[in-house]
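Enquirer:
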Amino acid sequence: MKNIRGRMYGWRLMLGLSVMAAFAGNEIIGMGRAISDRANDAYIQDVVLKKEYRGQGFGSRLVEAIVHRLEADGLKWIGLIAEKNSRNFYVPLGFGNMKKAVPMVKMIV
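The opening position of the sequence shown corresponds to residue 42 in our numbering, with each subsequent residue numbered one higher.
1. Relative to the alpha-carbon of Ala142, which residue among Leu134, Tyr131, Leu121, Val150 has its alpha-carbon at the smallest distance?
2. Need the endpoints of the beta strand (DSSP E) that Gly71 sits in, please.
3. Give me, in chain order, the residues of the same chain whose beta-carbon lies closer than 8 Å to that of Met42; leave out the 5 immediate sequence neighbours on both sides.
4. Quick one: does the C-beta of Val143 sit closer than 7 Å to a heavy atom of the ligand ZN?
5. Taking only runs of the beta strand (DSSP E) that begin and end inside the segment 115-139, which ones reach a length of at least 3 residues, in chain order?
6. So what does DSSP say about Ile85, is it helix, strand or coil?
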């Protein structure tokens, strides 16, 4: 097991990827992932949770685990793009609007 953990950690460092899973017993009920430049910033890409487990704190703990991991890596800020109706979920976790930035996207069809 130690060798596997070492390899996984090495891949995470090389790829700038952090992945966390939420469990209820032995069942995976959610996951979150963030990508990073490994120097300054990271972006939370996904936070998903099975519907029947929402509203019970699992999602918040998942985001907190991702943030803790990224803070431990020494990153300075974490960004994310969230659906409008998820603002009430992310604000209590410390996220807010970017004051000096404009969110933009280019769709590739």
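Ideal Cβ placement from N, Cα and C applies to all residues, glycine included.
Expert: Result, derived from the coordinates:
1. Leu121
2. 68-77
3. Any answer about Met42 is weak, because its pLDDT of 44 lies below 50 and its placement is not dependable; what the coordinates show is given next. Contacts found: none.
4. With respect to the ligand ZN, the structure shown offers nothing to examine, as it has no ligands at all.
5. 118-121
6. strand
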